[in-house]
Amino acid sequence: MEINLQATFADRSTMEKTAEILRSQGVLDIKFNYGGEPHHDALSSGLAQSLHSFSAAEPSYALTVCVEKSRYRQAEDTIIKYGGHLH
17 MEINLQATFA DRSTMEKTAE ILRSQGVLDI KFNYGGEPHH DALSSGLAQS LHSFSAAEPS
77 YALTVCVEKS RYRQAEDTII KYGGHLH
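Sequence positions in the sequence shown follow this note's numbering and run 17 to 103.
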């Protein structure tokens with residue numbers, strides 16, 4: 017079973033570093049949202065839903081991560097450890 021996690025970050029570099037770590041942990045798919053249109057991670061495969069911009073006044077950097085249910089907690093902990101806010 018697959019589960020999607022949605023998170024926002026204060027800056028782009030932190031979001032991208034977190035995505036690299038999540039990739040190494042074996043997530044199925046990652047989509048980026050740089051405050052505009054979502055961008056698909058070209059290195060991942062699988063299904064995931066996209067995020068919309070959270071605020072036009074404040075740029076947000078967001079990830080949608082698709083993981084196996086057994087890896088959900090690990091991905092959640094990684095996102096929080098690197099300053100992401102889960103939604």
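Built from N, CA and C at the ideal position, the CB exists for glycine as well.
Keep in mind the model is a prediction, meaning the values are calculated, not measured.
Q) Are Met17 and Phe25 touching if we call contact CB-CB under 8 Å? A) A distance of 8 Å or more separates the beta carbons of Met17 and Phe25.
Q: Could you check if Ile95 is buried or exposed, using at least 16 other CB atoms within 10 Å of its CB as the buried criterion?
A: It counts as buried.
Q: Starting from Gln22, trace the beta strand (DSSP E) both ways and give me its first and last residue.
A: Under the DSSP assignment, Gln22 falls in the beta strand (DSSP E) whose first and last residues are Glu18 to Phe25.
Q: Report buried or exposed for Gly42, applying the criterion of at least 16 other Cβ atoms within 10 angstroms of its Cβ.
A: By the neighbour-count rule (16 or more Cβ atoms within 10 Å), Gly42 is not buried but exposed.
Q: Would you mind sorting Leu38 into buried or exposed? The rule is 16 or more other CB atoms within 10 Å of its CB.
A: Per the 10 Å Cβ criterion, buried.
Q: With distances taken Cα to Cα, identify the nearest neighbour of His101 among Tyr77, Ile19 and Gly51.
A: Per the Cα distances, Tyr77.
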